[in-house]
Structure formats: C-alpha cells, structure tokens
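The opening residue of the sequence shown carries number 1 in UniProt numbering; numbering runs sequentially from there. Ideal placement from N, C-alpha and C gives every residue a C-beta, glycine not left out. Bear in mind the structure is a predicted one, so any value in this text is a computation, not a measurement. I have placed the structure first, in the form of structure tokens, so that the comments after it can refer back to it.
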Amino acid sequence: MPNLGPTELIIIAVVIILLFGAKKLPDMARSLGRSAKIFKAETKGLRDQDASDDATVQQPAQPPVQQLPPAQPPVQQPVQPVQQPQVAPPIEQTAQNKAANS
Numbered sequence: 001m002p003n004l005g006p007t008e009l010i011i012i013a014v015v016i017i018l019l020f021g022a023k024k025l026p027d028m029a030r031s032l033g034r035s036a037k038i039f040k041a042e043t044k045g046l047r048d049q050d051a052s053d054d055a056t057v058q059q060p061a062q063p064p065v066q067q068l069p070p071a072q073p074p075v076q077q078p079v080q081p082v083q084q085p086q087v088a089p090p091i092e093q094t095a096q097n098k099a100a101n102s
C-alpha cells in the first residue's frame, strides 16, 4: 500500500463523517477512549499480578530446619546372667542310685 498523503487522509475523514454522522463521532471517540483506559488498567493489573507470582515462585516457602541434638549411642541395659538349666543326670546313674538306696 503506497504512502498516504494529506489529500488521501482528508478523503478518508470525509467518508467517515458521511458514514457515521457528525453527532455520533464524539460519542464513538469517547467510548473508544474509555475502552482503551479500561484495557490499559486491566493489563497493568495482570502485569502486577504476574510479577508478584514470579516473586513467590522464586522464593519457595522452605520450612525452618530444626537442629537436632547430636546423636547419642543407645544406652545398653546390663545383661543379667542367664541361669543354666540343671541337667538331669544320665539314666544309668539314676538307676544305680535307686538300687543303692533300696
């Protein structure tokens, strides 16, 4: 598309005035300005929200590290000596003892 000179811009302006009318043009411009203002405010809000989200992502919440006392070896209970069960005398001896006692 070739460059638009001043005569082409004047012709375009006249066509717009004829199509929309002189009374509706200020209302349309005002409406367009309000829409642009709302759009700008919304995009700024989204940028601020993204910046705050990025800040929270970069610094994840880390729970504080609890320092535990140094590990101590487990205390061993004193071992009680185990009584050895009394072994029954061999059967031969018991038979001999019974014979000797009778």
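8 Å contact criterion, which LEU25 and ILE17 should meet: CB distance rounded | 7 Å
Quick one, are the C-beta atoms of MET28 and PHE20 less than 8 Å apart?
-> yes
Cα-Cα separation, ALA55 to LEU46 = 14 Å
By DSSP, does GLY45 sit in helix, in strand, or in coil?
-> helix
Three-state secondary structure assigned by DSSP to LYS23 | coil
Using the C-alpha atoms, what's the distance from VAL14 back to SER35?
-> 25 Å
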